[in-house]
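Residue numbers (the working numbering): 3 to 291.
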């Protein structure tokens, strides 16, 4: 059984007499009626009405916890109730009430502490989330109030500052938090704010190649670096076209000097592969301590 109750305040007013207007909490209807009567006794023609800015959804179904949450519009309350009933019909539990009491920033912080460190790129993931918590106002909204418009405004604003690929990665990490919250913590808004979001379109291919003396100057700068591994890392990158993460994760046990190849058990796309090693790469690797 589920009901929506208007728990908005009561308003007593007199036309063209704003100084006589008085608002009473939902539970103080007797006081509002008494004030109405006093105005009538004074010769006024007052009006008593209930506002429409607080609607409570309450649901009690066998096998599910009691649901109780408040919303500022009837439309939002009806959407939540509709989704709640649909989920319960499928025996799915989502704590929409909790979504009114926790902000997206709080969920992001919980994700950093409990989830991100278990991922391969957890450090980068956590860094992006911390920046969002620090710089974006929309993450301080209760999860239940988060809308597609909030995220769309964020996307448009960020596109004025950074490349589309960066914005897309930031949307990705927001999506990861929302999905994990819904699936694991069972905390979710009645409607997914990512639905209908227009994400930035971009082409991520790289066609840039070193020209003229750029390679010579790059290696000269690498040799001048206090880190002795910078130059060999750059030489290997130029010789093999391996990604930075692949180079940094390369292990001696996966290098076959006889066949001049390097085995990468885990790559960005999740599949393993073998990379041919040109003689220049072999020489650099053999010279490493």
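Even glycine gets a Cβ: it sits at the ideal position worked out from N, Cα and C. All values derive from a computational prediction rather than experimental measurement.
Distance from the CA of residue 56 to the CA of residue 33, rounded to the nearest whole angstrom, comes to 19 Å. Taking the CA atoms as reference points, residue 105 sits about 9 Å from residue 140.
The beta carbon of residue 43 lies closer than 8 Å to none in the same chain, with the five residues before and after it left out. Just so you know, the alpha carbons of residue 200 and residue 165 end up roughly 15 Å apart. Excluding sequence positions up to five before and after residue 283, its CB lies within less than 7 Å of the CB of 238, 241, 242, all in the same chain and listed in chain order.
In this structure, residue 128 lies away from residue 59, with their beta-carbon atoms at least 9 Å apart. Ranked by Cα distance from residue 178, the first of 267, 90, 109 is 109. In the DSSP annotation of this structure, the continuous segment of the beta strand (DSSP E) that includes residue 72 starts and ends at 69 to 73. Within the same chain, and ignoring the five residues on either side of residue 275 in sequence, the residues whose Cβ sits closer than 7 Å to its Cβ are 266, 269. One Cα belongs to residue 190, the other to residue 100, and the distance between them is close to 8 Å.
Residue 73 places its beta carbon 9 Å or farther from that of residue 17.
Here residue 10 really is in contact with residue 54; their C-beta atoms are around 6 Å apart, less than 8 Å. When only Cα atoms are considered, residue 38 and residue 45 end up about 11 Å apart. Within the DSSP bridge table, the entry for residue 12 names 26, 52 as partners. Taking a cut-off of 8 Å on C-beta distances, the stretch 123 to 137 touches the stretch 168 to 185, as three or more cross pairs fall below it. Unbroken alpha helix (DSSP H) runs of no fewer than 4 residues, entirely contained in the stretch 162 to 193, are found at 166 to 182, following chain order.
Residue 259 sits exposed, since fewer than 16 C-beta atoms from the chains shown fall within 10 Å of its C-beta. By the 16-neighbour rule on beta-carbons within 10 angstroms, residue 192 is buried. Boundaries of the alpha helix (DSSP H) around residue 136: 124 to 137. With distances taken between CA atoms, residue 125 lies nearest to 175 out of 281, 194, 175. Short of 6 Å from the beta carbon of residue 114, and not among the five residues preceding or following it, lie these beta carbons of its own chain, in chain order: 128, 131.
For secondary structure counted as the beta strand (DSSP E) over 3 or more consecutive residues, the stretch 239 to 280 holds these complete runs in sequence order: 263 to 266, 275 to 278. When secondary structure is reduced to three states using DSSP, residue 32 falls in the helix class.
Put simply, the backbone Cα of residue 151 is about 25 Å away from that of residue 89. Membership of residue 66 in any alpha helix (DSSP H) is not indicated, and neither H nor E is assigned to it by DSSP. In this chain, the alpha helix (DSSP H) harbouring residue 98 covers 98 to 101.
Judged by beta-carbon spacing, residue 76 lies within the 9 Å limit of residue 8, meaning their Cβ atoms are closer than that value.
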